[in-house]
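A.B. asks: The structure under discussion is supplied below as structure tokens; questions concerning it will follow.
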Amino acid sequence: MIESAMGALRQLTRETASSLRSLSAGGYVLLGVLGALLIAAAAMAWLGWESAPDTDVPGVGYVTLAIGVGFSLVVGAGLMALVFYSSRSGYDEPARLVEQASQETAPDRDRA
Numbered sequence: 008m009i010e011s012a013m014g015a016l017r018q019l020t021r022e023t024a025s026s027l028r029s030l031s032a033g034g035y036v037l038l039g040v041l042g043a044l045l046i047a048a049a050a051m052a053w054l055g056w057e058s059a060p061d062t063d064v065p066g067v068g069y070v071t072l073a074i075g076v077g078f079s080l081v082v083g084a085g086l087m088a089l090v091f092y093s094s095r096s097g098y099d100e101p102a103r104l105v106e107q108a109s110q111e112t113a114p115d116r117d118r119a
């Protein structure tokens with residue numbers, strides 16, 4: 008089992024290295040900016056966590072956090088379901104102009 012995991016890791020490493028070779032200069036700049044933002048977010052989280060070492064969260068805080076996370080997951084899943092439904096139902100197609108039929112092709116109403 009460990010051998011198969013190591014083989015998969017080697018394959019992933021090869022694929023990542025080959026995709027990094029195909030990046031342009033703008034791609035490297037984007038990766039650098041995103042990496043810097045990740046490091047800044049981690050630093051801010053660490054500083055926020057360490058700024059109040061003797062603070063305890065009451066039980067109602069954990070319950071509120073769980074309700075908020077659950078609500079966010081439900082809203083996110085619902086919006087993603089709507090995106091897939093909209094895409095598969097054809098609602099995302101570009102608008103097309105439908106021209107009126109001329110008098111010659113309209114059905115005769117007097118024949119009835």
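Everything in the sequence shown is counted per our numbering, starting at 8 for the first residue and increasing by one.
Here a beta-carbon is modelled for each residue, glycine too, at the ideal position from N, C-alpha and C.
1. Helix or strand or just coil, what does DSSP make of Y98?
2. Just curious, the alpha helix (DSSP H) that A49 is in, first and last residue?
3. Determine the extent of the alpha helix (DSSP H) in which E10 is found, giving its start and end residues.
4. For A73, does the three-state DSSP call read helix, strand or coil?
C.D. replies: Per the coordinate set shown:
1. If DSSP states are grouped into helix, strand and coil, Y98 belongs with coil.
2. A32 to E57
3. I9 to R28
4. helix
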